[in-house]
Amino acid sequence: MSDANVKPTASRRFFGVGTNETETQEFLEHLEEYGYAIAASVANPDEIEAAKSEMWDFLEGYRGVDGRKDTGVRRDNVDTWHDYDENGGRRWMGSTSTGIIAGAGVGQAQFMWRIRSLPGVANAFGAVWDVKGEDLLVSFDGANAFRPWQYDKDWKTDGGWYHLDQNAYNPGKEGKCCVQGVVLLTDATEETGGLVVVPGSQKHFSAICERNAYKPNSEAERQQGGLSDFVHLAKDDEVLESCGGGRLVCAKAGDLVIWDSRTVHCNSPALVEFNTRTTEKGSSPSSSPSPDSCDWDLIRMVAYVCMTPSSWATTDVLEKRWDAYVHNLTTNHWPHEFVGGTMRPNLPANDPLLLSAEQKKMVGGRMSEPPGSALDSFQEPLTEKQREARDILDLAEETEAKGNHLGAIKLYKQAYKLDPTLEFP
């Protein structure tokens, strides 16, 4: 389901962010005023194509939950992109309702590291925090892919799930302390859908949290922190009207779109009924395309990336980040915290020696070499509540895959009440 009130917006794209003083200043002013901004062309065409190919390598390489089975996904055969194979086995790893890919070690995938290592990405985040690129930690975020829902209507993602990714009731998170980002590997237009923001909503952050956020039950609980940073807005929350509603951020492949974590956002499917990019054989937007007339491709491919100053992270967090790299963990968007969203996948360990000096700093900051503990088998024991939360999360994902989105949302909420550190899929 899409939000009928979403409108496309052709925002200004800022070039040379972090290197051109005028463009950088105006980029920062746009971020401050509207809660988001676009750093143009952080990836060139060759880098985009390489990342897209590597993303497909990752999707085709998915071996299921147990890591043993070839799921059969092939980039040149759209009929292999279904959620399940003919035997009922899970095939497509992304979320049916949002397109988000958060499992199977995506947080350490080759295409993700290619994107994170682009100088333009560090330049933009360095400008936001007024630090050098070498002084930034990077998130171990996931990715997102929209399948062409003209081929299968069940592939159309949901819209209107407006939320924040920062909770004002957590200590130290009352103001601006995180800026998220996404690097586009495909153009974002009204024919594809993509990131939706509510411009200016970051100015109403405290009030939004008052109405919608998880709140501490006592002062002691407030001081302890650890409340879920996922703040889901009520469908009729007043900020959606007072700030003018959602705006689909239209941008080009290679652009970095960043947004303040206090900004209300979500993603949306296409705003029009036909994506002209799917065909090369003359089907018109007024007629439904047939499989034989189309050259099918993913209509959205993006990589999430966030950077914050490495000085904000504790030594304990840096050690856990090294372990996350070695053991292919995916986390959420907070680089200077350690909030793991996925269990360790059944994949070979990563060798830190393969990282460049710059990438090592992105992982460990001042701890530029991994501690010995990072190379040891690591799995913190789960509490009874955490185990129960993960069981409910598995059930929620199965429920969502079967098309029962309302039932899945209820289960997700149950899981996050038990364990707020879980990443919302």
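No gaps in the numbering here: position 11 of the sequence shown is 34 in my numbering, and each next residue is one more.
Here a beta-carbon is modelled for each residue, glycine too, at the ideal position from N, C-alpha and C.
query	result
DSSP three-state assignment for Y435, whether helix, strand or coil	helix
Collapsed DSSP secondary structure at T299 in the structure displayed	Residue confidence is low: T299 scores 45 on pLDDT, short of 50, so the model does not pin down where it sits. Its coordinate-derived value is still stated next. Three-state result, T299: helix.
Chain-order list of residues whose beta-carbon lies under 6 Å from that of P375 (same chain, five-residue window excluded)	P393
Cβ pair V220, Y327 closer than 9 Å	no
Within 9 Å, strictly: CB atoms of V29 and G249	no
S229 versus A145 - alpha carbon distance	29 Å
Contact under 9 Å by Cβ, P358 with L160	yes
Cα-Cα separation between A276 and F169, rounded to whole angstroms	15 Å
Residue from R35, P31 and T42 with nearest C-alpha to G143	T42
Residue span of the beta strand (DSSP E) that contains S291, given as start and end	H288 to S291
Inter-residue spacing [alpha-carbon to alpha-carbon] between G58 and P194	22 Å
Run of the beta strand (DSSP E) containing P31, from where it starts to where it stops	K30 to T32
Beta-carbon proximity check, L434 vs E411, cutoff 9 Å	no
Local Cβ density within 10 Å of D417, reported as buried at 16 or more and exposed below that	exposed
Cβ pair count under 8 Å reaching 3, the region 112-125 against the region 333-340	no
C289 and E213 closer than 9 Å at C-beta	no
Separation of L271 from T337, as counted between CA atoms	36 Å
Cα-Cα separation between Y174 and E264, rounded to whole angstroms	34 Å
Nearest to Y246 (by Cα), restricted to the options K258, E197 and L256	It should be pointed out that residue 246 corresponds to Gln in this sequence rather than to Tyr. Minimum Cα distance to Q246 is reached at E197.
Three-state secondary structure (DSSP) of R35	coil
Three-way DSSP call (helix, strand, coil) for H105 in this model	coil
Heavy atom of the ligand ADP within 8 Å of H350 beta-carbon	Summarising the ligand content, the structure contains no ligands, and the ligand ADP is consequently not present.
Beta-carbon proximity check, A147 vs V262, cutoff 9 Å	no
Beta carbon of A66 nearer than 9 Å to that of A74	yes
Residues near N167 in its chain [Cβ-Cβ closer than 6 Å; skip 5 each side]	G122, I123 and V325
Contact set for G95: own chain, Cβ-Cβ below 7 Å, skip 5 residues either direction	T103, D108 and R114
Helix, strand or coil at M78 according to DSSP, with G and I counted as helix	helix
Enclosing beta strand (DSSP E) for L203 [first to last residue]	According to the sequence shown, residue 203 is Gln rather than Leu. Segment V202 to L207, the beta strand (DSSP E) holding Q203.
Top-ranked residue by Cα proximity to G126, from E420, D177, W319 and G426	E420
Contacting residues, own chain, Cβ-Cβ under 6 Å from W178 (five flanking each side not counted)	R170 and W172
Under the three-state DSSP convention, the category R114 falls into	coil
A326 - partner residues in DSSP beta bridges	A166 and V206
A438 to T45 span [Cα, whole Å]	46 Å
Option nearest Q189 by Cα separation, candidates L429, E360, G388 and A347	E360
Under 9 Å between C-beta atoms of G128 and L370	yes
Selected residue, minimal CA-CA separation from E55, among V151, T32, I415 and V101	V151
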